[in-house]
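Asker: For the sequence shown, the positions run 1 to 354 when UniProt numbering is used.
Glycine is no exception: its CB is placed at the ideal position from the N, C-alpha and C atoms.
One structure is given below, represented as C-alpha cells, and several questions about it will come after.
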Amino acid sequence: MQPSSFIVWPALFALGWLSAVLLQRWRARRAPAEAAGPMSAGTALSAQEAAHRIEAATQLWTQHIESVQTQMREATERLIGGFRVILDQLDDITPVSAEPVDGSDLVLRVNMLSQCDRELRDLIGSFGAFIASRDELLGTVRSLDRASSGLRDMAEDVDGLARQTNLLSINAAIEAARAGPAGRGFSVVAAEVRRLSTASGETGRRIGEQVRVFGDQVQRTLTQATEQVREDQTLIQRSEQTVTRVIERVDHTVEVLNARTLDLSRRSEDVRVQVEQLLIAFQFQDRVQQILDQITQSMSATRACLLEAAETGRLPPAEDWDALLAAGYTTAEQKDLSLDPTQATQASGGAVFF
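Listed below in C-alpha cells is the structure:
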C-alpha cells in the first residue's frame, strides 16, 4: 500500500486542533460579550449549527473509514483463502513422483519462489505499518472527544450568562417600580431584557443538549474504533502467521522439486493462475488509496472553511457544506454513502475502473 494512505491521521489531528482554536477565540470574545449584554439567539444558533455540521462531517468520514476497513478485511480474507489453495496445490504436487526435473527448470523455479518469499515478507511489513496508522487514527479520535468537552463548557457558559442577565433585569424592574411613573420606560426595557435572557438561556440549553449528543457519538465512535483496531490487529496477526506458514511450505517444496513428474507443469500452471488472481484481488489497495486521499482532501478543505467562518462569523450554506464534503468522490462506496437509498441503488449499477 502507498505510504500516502497513512496521512489521514494528520488531517484528523488538524480538525481537533481547529476545534480548540475556535473554543479559544470564543472565550477571548466572551468578556466583551458579557459587558455588552446577553448573547443573541442568532449567535447561539450559529454555534449550534457549527456543532451540528462538525458532527455530520465526523459521521461521514467515519462511514468512509469503516468502508475502507471492510474492504481491507474482505480482501485480506480472500488473499488468505488463495494462499490456502496454493498450499493444497503444492501438497498435491510434491508426492507425485521421484523422477528428477531438468536442472535449469529447477533453478528458474527456485528463483521464482525466492522472489515470492521476498514479496510476502514485504506484505508482512505493510501489515505492520497499517496497524501503526490505525493506532494514530485512534489517538486523533480521542482528541476529538476532548474537544467535545470544550464545546460542552461553552454551552454551560451561555446558560450561566443568561441566568445572570435575567437576575439583572429583575433588579432593574424593581428599581423602575420604585421610581414610579418616571421609571416606566426603563421598566419596559427591563422586561424586554428579561425576555431575551430567557430565550438565550433556552437556546443555551438546546446547544448544551446538542453538544452532549455530539460528545456521546464521539465516545461511541471512539469505542467502536478501539474495538475495530483490536479486531484488525488480531486479523493481521493471523494473516502474518498464515503467510509465514506459506513461506515455510514453499521453502520445503523447493527441496523436493526434483521428485516431480510431467504433471508438475500442469499443476504449476494452476498455481500461476491462482497467484495472478491473488494479485488482481490485491488491487483493492487502489480503491482504499482513493478513498483515504479524498478523506484527507475533504478534511483540509473543511478546516479552511471553518477557519474562514471563524473570521467572518458566518457559516456557509448547507448546500455548499454538503458539496464541500462530497468533492472528489471517485468510488461507488463513497457516492452510495452520500445519497438517499433510491439514488444509491441507481448509482450502484455503474462500474468503477482503476
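When burial is assigned at 16 or more other CB atoms within 10 Å of the CB, is V273 buried or exposed?
Answerer: exposed
Asker: Measure the C-alpha to C-alpha separation of G160 and S298 and round it to an integer number of angstroms.
Answerer: 36 Å
Asker: Please state the DSSP three-state secondary structure of D336.
Answerer: helix
Asker: Do I291 and S67 have their CB atoms nearer than 8 Å?
Answerer: yes
Asker: Assess, as a yes-or-no matter, whether the region 206 to 215 is touched by the region 167 to 182 under the definition of 3 or more beta carbon pairs within less than 8 Å.
Answerer: Here the region 167 to 182 does not lie against the region 206 to 215, with fewer than 3 beta-carbon pairs under 8 Å apart.
Asker: One question on the structure: do residue 355 and V158 come within less than 8 Å of each other, judged by their Cβ atoms?
Answerer: The structure shown has nothing for residue 355, since the chain only spans 1 to 354.
Asker: Rounded to a whole number of angstroms, what is the C-alpha to C-alpha distance between R249 and T242?
Answerer: Rounded to whole angstroms, R249 to T242 spans 11 Å at the Cα level.
Asker: Please report how far the alpha carbon of L79 lies from the alpha carbon of Q224, in whole angstroms.
Answerer: 25 Å
Asker: Can you give me the C-alpha to C-alpha distance between E34 and S197, rounded to a whole angstrom?
Answerer: Because the pLDDT of E34 is 45, which lies under 50, any placement of that residue in the model is unreliable, and the number read from its coordinates should be weighed accordingly. Annotation: E34 to S197 spans about 12 Å, alpha carbon to alpha carbon.
Asker: Determine the burial state of Q294: buried for a count of at least 16 other Cβ atoms within 10 Å of its Cβ, exposed for fewer.
Answerer: buried
Asker: If you follow the alpha helix (DSSP H) that A326 is part of, which residue opens it and which one closes it?
Answerer: 318 to 326
Asker: Express the C-alpha separation of D320 and A75 in angstroms, rounding to a whole number.
Answerer: 35 Å
Asker: Do you know how far the Cα of P316 is from the Cα of A310?
Answerer: 11 Å
Asker: DSSP three-state label for T330, please.
Answerer: It is coil, neither helix nor strand.
Asker: If I measure Cβ to Cβ from Q334 and keep anything under 7 Å in the same chain, skipping five residues before and after, which residues do I get?
Answerer: H64, I291, Q294
Asker: Please classify T58: is it buried, with 16 or more other beta-carbons within 10 angstroms of its beta-carbon, or exposed?
Answerer: Counting Cβ neighbours within 10 Å, T58 comes out buried, since at least 16 surround it.
Asker: Quick one: grab the DSSP three-state call for R314.
Answerer: coil
Asker: Is Q69 closer than 8 Å to D232 when the C-beta atoms are compared?
Answerer: yes
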